[in-house]
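**Q** After the structure tokens below, expect a handful of questions from me.
Residue numbers (this note's numbering): 4 to 285.
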């Protein structure tokens, strides 16, 4: 498994603030036309741009989901970034520094791609290339799709050098590109079988510890975690929350408590679970 020291020179990890200028629909539609021309040519399909803007944007979303990590031109990246940064600004950036933190931990319910923490954590698969299913609603798809094609390209470079699947419980970092956060930390959680095993618990705990260690190594001061290994990965929500909170609190205690940690949840039931676990975990 590659360490940060072994792959950091393969990709760009130098964060540069983004302008996040909101475009009007005419500007966004023109960008979609140009992006679609490139993507359709790659697919050997005929371009037809008489569609409404939202239809064209959905086509781009799906095509980028399916696209292999092949190089793109600087022009493609330039217009993609303008479009995606506009969408980020339109969605609204949530300032994580405004949250109420208790022992350096906060709970927030909402879209993790709106948070401006130094890093957001992506629940990745072991190929680390994002989700290839068009318009899939998994967090891996959402984060890659809103950050930009650069994330898949960076992950491909890392995985090509590593030469094997990413082990569960480990973590890698890339720039977040068009997200409000600076970086994305990618970690692979355990896939639960018929029942949760001690190994599943150990691996899930390692996801949090590895992500925090990597954030510290990069000199970051804040990190937001999604719910790792719940949903289709089969980890019970309540037990996953208990492991997550326990791992983070132990890490903060051992490392001086300087990192600010946000537990981001999407479902109401997860919000209530985390409230209870945070209240009752010492």
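Backbone N, C-alpha and C fix where the C-beta goes; we use that ideal spot for every residue, glycine too.
Assuming residue 91 is part of the alpha helix (DSSP H), what are its boundary residues?
**A** Here residue 91 refers to the residue found at position 88 of the chain shown. 77-94 is the span of the alpha helix (DSSP H), which, as asked, contains residue 91.
**Q** Tell me the DSSP secondary structure of residue 285 in three-state form.
**A** Taking the chain shown and counting its residues from 1, the one referred to as residue 285 is at position 282. Residue 285: coil per DSSP, three-state reduction.
**Q** Which runs of the beta strand (DSSP E) at least 3 residues long sit entirely within the region 134-202? Give them in chain order.
**A** 174-178, 186-191
**Q** For residue 246, does the three-state DSSP call read helix, strand or coil?
**A** The residue given as residue 246 occupies position 243 in the chain shown. DSSP places residue 246 in helix when its eight states are reduced to three.
**Q** Going by beta-carbon coordinates alone, are residue 86 and residue 38 separated by less than 9 Å?
**A** Numbered from its first residue, the chain shown carries residue 86 at position 83. Numbered from its first residue, the chain shown carries residue 38 at position 35. Yes, these two residues count as a Cβ contact at 9 Å.
**Q** For the structure I just gave you, are there three or more beta carbon pairs, one from the region 45-62 and one from the region 107-116, closer than 8 Å?
**A** no
**Q** The ligand ADP heavy atoms versus the CB of residue 276: any closer than 8 Å?
**A** In the structure on display, the ligand ADP does not appear, and there are no ligands present to speak of.
**Q** Return the CA-CA distance between residue 43 and residue 267, expressed in angstroms with no decimal places.
**A** Here residue 43 is taken as the residue at index 40 of the chain shown, counted from 1. Here residue 267 is taken as the residue at index 264 of the chain shown, counted from 1. Taking the straight line joining both Cα atoms gives about 36 Å.
**Q** Measuring alpha carbon to alpha carbon, tell me which residue in 235, 264, 221 is nearest residue 248.
**A** Walking along the chain shown from the start, residue 248 turns up at place 245. Out of 235, 264, 221, 264 has the C-alpha closest to the C-alpha of residue 248.
**Q** Of all the alpha helix (DSSP H) runs that stay within the bounds of the region 13-57, which reach a length of 4 or more residues?
**A** Restricting attention to alpha helix (DSSP H) runs no shorter than 4 residues, the region 13-57 encloses them at 28-45, ordered along the chain.
**Q** Please report the Cβ distance between residue 187 and residue 150, rounded to the nearest whole angstrom; I am assuming they are in contact, meaning their Cβ atoms lie under 8 Å.
**A** Taking the first residue of the chain shown as 1, we reach residue 187 at position 184. Taking the first residue of the chain shown as 1, we reach residue 150 at position 147. With a Cβ gap of about 6 Å, residue 187 and residue 150 count as contacting.
**Q** Starting from the C-beta of residue 183, find all residues in its chain whose C-beta is less than 7 Å away, skip the five residues before and the five after it, and write them out in chain order.
**A** As a working mapping, residue 183 is identified with position 180 in the chain shown. Around residue 183: 91, 96, 117, 118, 119.
**Q** For residue 196 and residue 207, which I take to be in contact (beta-carbon distance under 8 Å), what is that distance rounded to the nearest angstrom?
**A** In the chain shown, the residue the question calls residue 196 occupies position 193. In the chain shown, the residue the question calls residue 207 occupies position 204. Taking a contact as a CB-CB distance under 8 Å, the pair residue 196 and residue 207 does not count as one, their CB atoms being some 14 Å apart.
**Q** Buried or exposed, going by whether 16 or more other CB atoms sit within 10 Å of the CB of residue 157?
**A** Looking up residue 157 in the chain shown gives position 154. Label assigned to residue 157: buried.
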